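Student:
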Amino acid sequence: MLLVVTYSQAARTTLRNICRTHDEVVVRRLGRAALFDETELAAFLALRLREKHDEAVQIERTEPFNEFAAVPDAVREAAAAYEDRESPATPYSKFASGTDHPSAAEMQRREL
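According to full-length UniProt numbering, the sequence shown is numbered sequentially starting from 1.
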């Protein structure tokens, strides 16, 4: 997919018009950004938007996030356990202390 992000009011207006006119390429509209299908028409529309608004438009190619391929089991299990905790006010560092769950500092140091 193509992620199109706008950084000015004029670019947002043009993006909104593109999304309304060419809804067949829009996967999701996110306010100042949109996800487009990865087609030549979508690329054309994104590039046209950048030509018109220059640095006020950023275009990125994205790929779907597969949590089962990219994220270690321990991290997925920690996320599920943390969301299922008894007290919603407990910060993760206190929750993970004394358990097998990875600390926030450990996860910060590791790349996916």
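All residues carry an ideal CB built from backbone N, CA and C; glycine is no exception. Note that the coordinates shown come from a computational prediction; the quantities given were computed from them, not determined experimentally.
Output the distance between the C-alpha atoms of ALA43 and CYS19, rounded to the nearest integer angstrom.
Tutor: Taking the first residue of the sequence shown as position 1, residue 43 is located at position 43. Taking the first residue of the sequence shown as position 1, residue 19 is located at position 19. Taking the straight line from one Cα to the other gives about 13 Å.
Student: Taking the C-alpha atoms as reference points, what is the distance between LEU30 and TYR92?
Tutor: Numbered from its first residue, the sequence shown carries residue 30 at position 30. Numbered from its first residue, the sequence shown carries residue 92 at position 92. The alpha-carbon atoms of LEU30 and TYR92 are separated by roughly 29 Å.
Student: For GLU24, does the three-state DSSP call read helix, strand or coil?
Tutor: Residue mapping note: residue 24 aligns to position 24 of the sequence shown, counting from 1. In the structure shown, GLU24 sits in coil (DSSP, three-state: anything other than H, G, I, E or B).
Student: ALA43 lies in the alpha helix (DSSP H); which residues open and close that run?
Tutor: As a working note, residue 43 is residue 43 in the sequence shown. Counting along the chain, the alpha helix (DSSP H) containing ALA43 begins and ends at 40-53.
Student: Going straight from the alpha carbon of THR13 to that of LEU49, what length do you get?
Tutor: For the purposes of this step, residue 13 is identified with residue 13 of the sequence shown, where counting begins at 1. For the purposes of this step, residue 49 is identified with residue 49 of the sequence shown, where counting begins at 1. Rounded to the nearest angstrom, the two C-alpha atoms are 10 Å apart.
Student: With burial defined as no fewer than 16 other Cβ atoms inside 10 Å of the residue's Cβ, what is the status of PHE36: buried or exposed?
Tutor: Here the question's residue 36 lines up with position 36 in the sequence shown. Burial call: buried.
Student: THR62: buried (16+ other C-beta within 10 angstroms of its C-beta) or exposed?
Tutor: Along the sequence shown, read from residue 1 onward, the residue named residue 62 stands at position 62. Its Cβ having fewer than 16 others within 10 Å, THR62 is exposed.
Student: Using the Cα positions of ARG76 and LYS52, report the straight-line distance between them to the nearest angstrom.
Tutor: By 1-based counting over the sequence shown, the position of residue 76 is 76. By 1-based counting over the sequence shown, the position of residue 52 is 52. Roughly 42 Å between the two C-alpha positions.
Student: So, at 8 Å on beta carbons, what are the nonlocal neighbours of HIS101 in its own chain, with the 5 sequence-adjacent residues on each side left out?
Tutor: Counting from one through the sequence shown, the residue named residue 101 turns up at place 101. Same-chain partners within the cutoff: ALA74, GLU77, ALA78, ALA81, TYR82 and PHE95.
Student: According to the Cβ coordinates, are VAL71 and ALA33 closer than 9 Å?
Tutor: As a first step, residue 71 is located in the sequence shown; it is residue number 71 there, counting from the start. As a first step, residue 33 is located in the sequence shown; it is residue number 33 there, counting from the start. Taking 9 Å as the Cβ cut-off, VAL71 and ALA33 do not qualify as a contacting pair.
Student: So ARG61 is in the alpha helix (DSSP H); what residue range does that whole segment cover?
Tutor: What you label residue 61 is simply residue 61 of the sequence shown in a count that begins at 1. Counting along the chain, ARG61 falls outside any alpha helix (DSSP H), though it belongs to the beta strand (DSSP E) covering 57-61.
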